[in-house]
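The sequence shown runs 1 to 161 under UniProt numbering. Ideal placement from N, C-alpha and C gives every residue a C-beta, glycine not left out. Each remark here refers to the structure printed beneath this line.
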Amino acid sequence: MNYDRYYTCDLVNGEGVRVTLFVTGCAHACEGCHNRSTWDRKSGRPFTAQVREALLAHCAGHDGLSLSGGDPLLPANRDEILSLCRAFKQRYPGKSIWLWTGYDYEEVRELEILRFVDVLIDGRYRRDLPTSKPWRGSDNQRLFRLAPARGRPLLPVTQLT
């Protein structure tokens with residue numbers, strides 16, 4: 001997996017102060033996308049063990065980790081994202097993971113990754129559907145607050161429209 005950038009003090013991508021990782025690779029190619037530079041999964045820099053450790057270390061004094069892109073749930077990114085989410089929750093069990101994907105929840109609901117994600121924002125960006133809803137780029141995107149990881153079914157507990 002490659003990544004484009006990460007922010008170590010982000011107040012925009014989720015609740016509280018967060019560390020936000022922008023991975024590369026996206027198959028959706030949404031018209032008007034704000035992160036078009038992240039579409040090519042071969043662009044950016046390799047997400048190495050050293051980068052992962054630095055990213056996790058930055059999370060220590062923050063409220064959580066946010067995963068964006070590109071698309072963290074692009075099939076080519078899933079193994080590394082799963083590993084990152086596991087490591088984050090092992091180190092910081094009380095902190096949250098937020099994840100943005102162009103896939104609809106129904107397409108990815110069975111992924112093991114979602115056992116570690118606290119908030120999922122789903123759906124392709126639609127420039128023709130502007131929104132004032134927090135943390136979403138277009139009105140079609142949904143925000144799911146998922147149940148705590150231990151023993152939860154892979155279903156949303158709350159969908160905020």
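Assigned secondary structure, residue i (DSSP; H/G/I helix, E/B strand, else coil)
i, result
"Arg18", "strand"
"Ser138", "coil"
"Gly61", "helix"
"Ser68", "strand"
"Asp79", "helix"
"Arg115", "helix"
"Tyr103", "coil"
"Leu84", "helix"
"Leu73", "coil"
"Thr161", "Any reading at Thr161 must be qualified, since the residue scores a pLDDT of 48, below 50, and its modelled position is unreliable; the value itself is stated next. Correct three-state label for Thr161: coil."
"Val108", "helix"
"Leu56", "helix"
Neighbourhood of residue i by C-beta, 7 Å cutoff - its chain only, sequence neighbours within 5 removed
i, result
"Glu31", "Arg127"
"Cys9", "Val17"
"Leu74", "Gly25, Cys26, Ala27, Arg41"
"Glu112", "Leu82"
Cβ neighbour criterion (16 or more within 10 Å) applied to residue i
i, result
"Arg41", "buried"
"Thr161", "With a pLDDT of 48 at Thr161, under the threshold of 50, the predicted position of this residue should be treated as unreliable, though the coordinate-derived value follows. Burial call: exposed."
"Asp118", "buried"
"Asp79", "exposed"
"Pro72", "buried"
"Val19", "buried"
Identified DSSP bridge partners for residue i
i, result
"Ser96", "Gly64"
"Arg91", "Paired residue(s): none; Arg91 is not in a bridge."
"Asp122", "Arg142"
Residues near residue i by beta carbon distance below 6 Å, same chain, minus five either side
i, result
"His28", "Gly102, Arg124"
"Gln141", "Ile121, Gly123"
"Leu89", "According to the sequence provided, residue 89 is Lys. The question's Leu does not apply to it. Closer than 6 Å at the Cβ level, and outside the excluded window around Lys89, lie Phe116."
Same chain, Cβ closer than 8 Å to residue i, neighbours up to 5 away in sequence not counted
i, result
"Thr131", "Gly137, Ser138, Asp139, Gln141"
"Asn77", "Met1, Val23, Gly25, Arg41, Gly69, Gly70, Asp71"
Extract the residue ranges of the beta strand (DSSP E) inside the region 1–54, only unbroken runs of 3 or more that lie entirely within it. 2–10, 18–23
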